[in-house]
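Residue numbers (numbering that gives the first Met the number 0): 0 to 392.
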Amino acid sequence: MSRRRAVITGIGPITCIGHGVDGFWNGILAEQSGITRISTFDPKPFQVSCAGEISDWDPEQFFSPQRLKRLDRYAQFAVASAQLALDDAGIKYSREHPQHGVGVSFGTALGGVCKAEDQHIRYLKKGVRGVNPMLAIQVFGGSAHSNIAIEFGFRGVGTTNSNSCASGTVSVGEALRYIRDDFADVIVAGGAEAPLSRLTIGAFDIIKTMSRSEDPAVASRPFDRLRDGFVMGEGAASLIVEDLEYARARDAHIYAEVLGYSLNNDAFHMTAPLPSGESCIRAMRDALTDAQLAPEQIDYINAHASSTQLNDSAETASIKQVFGEHARRIPVSGTKSYHAHPLGATGAIETAICALALDRQWVPPTINYQNPDPACDLDVVPNYGRAAQLNYV
């Protein structure tokens with residue numbers, strides 16, 4: 000029996016370069032970074048001053064004041080991005096008429112960390128009675144997928160994964176499995192993060208993984224020889240992943256098909272990649288096998304490209320191992336130079352970019368690229384995007 004096929008029919012990005020499909024894609028086409036100086040708190044105590052903040056966020060466009068009392072900023076991003084994706088896909092929803100065939104697969108690295116920090120400060124000032132009684136349901140990692148299910152009446156499979164920077168990617172990969180294995184007809188898959196707080200910035204600053212640049216416009220510069228660390232961001236993206244026949248039956252617009260997925264562990268270090276690249280290489284090869292594709296069929300790679308010295312060079316080496324001579328012919332861009340690194344939301348945001356690149360037949364660039372690095376000697380699509388014939392990404 001042939002396995003069910005999974006397609007992407009709706010996209011809902013919320014990022015520092017734009018919200019919704021049109022706002023987000025216009026931000027990509029502008030070829031300018033959305034990274035700015037941190038404004039939500041004074042960054043002077045830290046050596047880090049830039050972030051991918053969503054400065055125009057207005058939660059009251061999506062939620063009533065009563066509903067907002069139960070939602071941390073990260074869960075706000077998650078639920079709002081799900082609504083954007085559902086509306087984009089034309090999926091009908093109603094809390095009064097729950098759907099058992101629609102599920103949620105969502106990812107986050109830190110969950111409601113900002114709310115936890117805020118309430119800890121209140122506790123120190125006012126004692127236990129000063130703590131918000133909603134805190135317990137605001138901070139836990141599963142609040143995103145739970146609130147999406149509650150908001151839209153989805154009673155199918157519901158999962159949260161917390162796989163650091165891979166969380167959003169894992170949520171889409173697991174959605175593929177849920178569709179293939181007939182656990183659901185439709186999955187809202189994605190990731191969300193709102194990590195911009197003194198505690199989080201301080202934690203990453205102290206281990207020296209973040210950019211020290213004082214110029215937000217060029218702080219994130221993947222593959223550039225002078226890159227000096229990642230730039231933290233916030234945001235979310237939801238994707239509607241559904242059974243192909245289900246999508247065809249309702250005449251849905253199909254952005255892309257999800258063909259292959261693989262997941263493994265380095266089992267090496269919490270922040271440094273395995274020097275041999277073995278796990279990264281195996282993940283790409285296994286995903287290609289799952290998709291039933293040969294390496295030379297791939298037309299574009301959206302790299303993790305976090306703008307750290309170790310990651311970008313290690314990722315380049317792994318790509319060359321998997322794709323051989325074809326690696327030099329594949330456009331490989333790092334789009335965190337646009338939207339920063341929203342941790343657990345990143346993979347979902349970059350999946351959205353891949354789906355839109357396929358749909359629009361256009362490869363986004365690696366912006367802020369000025370100084371070639373011999374250790375990152377791929378076609379990184381420097382600074383300017385290009386039209387291309389894309390079949391598999």
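Here a beta-carbon is modelled for each residue, glycine too, at the ideal position from N, C-alpha and C.
| Item | Value |
| --- | --- |
| Using the rule of at least 16 other Cβ atoms within 10 Å of the residue's Cβ for burial, across every protein chain shown, is D250 buried or exposed? | exposed |
| Report all residues from its chain with a CB closer than 6 Å to the CB of N162; omit the five preceding and five following residues, and keep chain order. | V169 |
| What do you get for R247, buried or exposed, if any count of 16 or more other CB atoms within 10 angstroms of its CB means buried? | exposed |
| With the cut-off set at 8 Å, would you say A408 and T107 are in Cβ contact? | The question about residue 408 has no answer here: the residues shown for the chain are numbered 0 through 392. |
| Quick check on this structure: which residue in V130, A356, E116 has the alpha carbon closest to the alpha carbon of Y122? | V130 |
| Please confirm if the region 372 to 382 is in contact with the region 337 to 349, defined as three or more CB-CB distances below 8 Å between the two stretches. | no |
| What would DSSP say about L238, mapped onto helix, strand or coil? | strand |
| Are any of the Cβ atoms in chain C nearer than 8 Å to that of V138? | In the structure shown, chain C cannot be found, because there is only a single protein chain. |
| If you compare alpha carbons, which of V112, A255, P42, E173 is closest to S104? | E173 |
| When you compare only the Cα positions, how much space is there between A50 and F23? | 18 Å |
| Considering only the alpha carbon of each residue, which of D214, R327, A77, Y245 lies closest to N367? | D214 |
| With DSSP run on the structure shown, which of helix, strand or coil describes D378? | strand |
| Are the region 198 to 214 and the region 314 to 330 touching by the rule of at least three beta carbon pairs closer than 8 Å? | no |
| Just the Cα atoms here: how many angstroms apart are E295 and R72? | 42 Å |
| On the DSSP bridge assignment, give the partners of R36 in chain order. | C49 |
| Is it buried or exposed, I206, if we count other Cβ atoms within 10 angstroms and call 16 or more buried? | exposed |
| Can you tell me the Cα-Cα spacing of D289 and R176, whole angstroms? | 11 Å |
| Among C113, A304, G190, which one has its Cα closest to the Cα of P272? | A304 |
| Would you call the CB atoms of I186 and I90 closer than 8 Å? | no |
| I'd like to know if the region 260 to 269 and the region 220 to 228 are in contact, where contact means that at least 3 CB-CB pairs between them fall below 8 Å. | no |
| With a threshold of 8 Å on Cβ separation, who are the neighbours of M283 within its own chain once the five nearest residues in sequence on each side are excluded? | S261, S317, I318, V321 |
| Touch check for the region 68 to 83 and the region 193 to 205: three-plus C-beta pairs under 8 Å? | yes |
| Quick test of the definition: if touching needs 3 or more C-beta pairs under 8 Å, does the region 152 to 162 touch the region 93 to 101? | yes |
| Can you give me the Cβ contacts of Q369 inside the same chain, cut-off strictly under 7 Å, excluding the 5 residues immediately before and after it? | D223 |
| Drop a sphere of 10 angstroms on the beta-carbon of I34, count the other beta-carbons inside from all chains shown, and report buried for 16 or more, exposed for fewer. | buried |
| Where does the unbroken beta strand (DSSP E) through V101 begin, and where does it stop? | 101 to 106 |
| Take the Cβ of N301 as the centre, count every other Cβ of all protein chains shown within 10 Å, and call the residue buried at 16 or more, exposed below. | buried |
| I want to know whether the region 77 to 86 touches the region 13 to 33 - three or more CB-CB distances under 8 Å. | yes |
| Between R328 and D298, what straight-line distance do the alpha-carbon atoms span, to the nearest angstrom? | 9 Å |
| Taking its Cβ as the centre, do 16 or more other Cβ atoms sit within 10 Å of F61, making it buried, or is it exposed? | buried |
| From the DSSP output, in three-state form, read off T168 for me. | helix |
| Are the CB atoms of G189 and A438 within a distance shorter than 8 Å? | Since the first and last residues shown for the chain are 0 and 392, residue 438 lies out of range. |
| Would you mind stating whether E256 and A5 have Cβ atoms separated by less than 8 Å? | yes |
| Can you name, in chain order, every residue of its own chain whose Cβ lies under 6 Å from the Cβ of T159, other than the five neighbours on each side? | F105, G140, G141, H144 |
| According to the neighbour-count rule (16 or more other Cβ atoms, all chains shown, within 10 Å of its Cβ), is D204 buried or exposed? | buried |
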